[in-house]
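Chemist: Counting from 246, one number per residue, gives the positions in the sequence shown under this note's numbering. Positions of the beta carbon are idealized from the N, C-alpha and C atoms, including for glycine.
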Amino acid sequence: AGAVLPLLPPSVDTLSGYAERREDLVSLADRRNRLLLLAFPRGRSVADFNRRGEVVSRERARSWKLRVDAPRRLRYRLQASLGSLRHPFHPCQVRVDGRRLGDDRWNYRRASGVLRVAFAGRSVRLVARGRCGG
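So this is what it looks like as structure tokens:
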């Protein structure tokens, strides 16, 4: 079975607020609109986050689908190890909510098998495809 791990951004220093603003500390409130997703997709998996958020990962033939539902708009940074798929593939395109992302919004490293994507939204559907065109 696969897994998706919703994580706080690594820049968060503290979960508590502070009485006096400090330039050297980043609180959870400072990054509340951001989430890091580490995915190890294989088959179907579901993860909850932030009380009412949900991430669903689903492997398909030559594609991988990720659905993210959150109570408010968030900015996501995704790192997905496509080598964990039953049938790994090299993505030729990534779509978010049906729109093809430009090459500057995602990258894939063959050596590591890791797909990286930046996207935003409240209810988002991401599809990485390994079969494109004719």
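Under three-state DSSP, which class holds D293?
Modeler: Within the sequence shown, numbered from 1, the residue matching residue 293 stands at position 48. Strand, per DSSP.
Chemist: Starting from N352, follow its DSSP beta bridges and name the residues at the other end.
Modeler: The residue labelled residue 352 in the question sits at position 107 within the sequence shown. In the DSSP output, where bridge partners are listed per residue, N352 has R361.
Chemist: Taking C-alpha atoms, which residue in L346, R376, Q324 lies nearest to G358?
Modeler: Translated into positions along the sequence shown, residue 358 becomes position 113. Selected option, being the one with the closest Cα: Q324.
Chemist: I'd like to know whether the C-beta atoms of A246 and S302 end up nearer to each other than 8 Å.
Modeler: Translated into positions along the sequence shown, residue 246 becomes position 1. Translated into positions along the sequence shown, residue 302 becomes position 57. It is not a contact, given that the beta carbons lie outside the stated cut-off.
Chemist: Taking the alpha-carbon positions, what's the A380 to A373 distance?
Modeler: This structure cannot speak to residue 380, because the chain is shown only from 246 to 379.
Chemist: Do the CB positions of R331 and E304 come within less than 8 Å of each other?
Modeler: The sequence position of residue 331 within the sequence shown is 86, counting from 1. The sequence position of residue 304 within the sequence shown is 59, counting from 1. Result yes, Cβ atoms of R331 and E304 sit closer than 8 Å.
Chemist: Taking the alpha carbon of R355 as the point to measure from, which residue in P333, A363, V369, D349 has its own alpha carbon closest?
Modeler: Against the sequence shown, residue 355 aligns to sequence position 110. The option with the nearest alpha carbon to R355 is P333.
Chemist: Is N352 closer than 8 Å to L319 when the C-beta atoms are compared?
Modeler: To locate residue 319, count along the sequence shown from 1; it is residue 74. To locate residue 352, count along the sequence shown from 1; it is residue 107. The answer is no: Cβ separation not under 8 Å.
Chemist: Just to check my reading of the structure: Q338 and R344 have Cβ atoms closer than 8 Å, yes? What is that Cβ distance to the nearest angstrom?
Modeler: What you label residue 338 is simply residue 93 of the sequence shown in a count that begins at 1. What you label residue 344 is simply residue 99 of the sequence shown in a count that begins at 1. That belief does not hold up - the Cβ atoms of Q338 and R344 are roughly 11 Å apart, past 8 Å.
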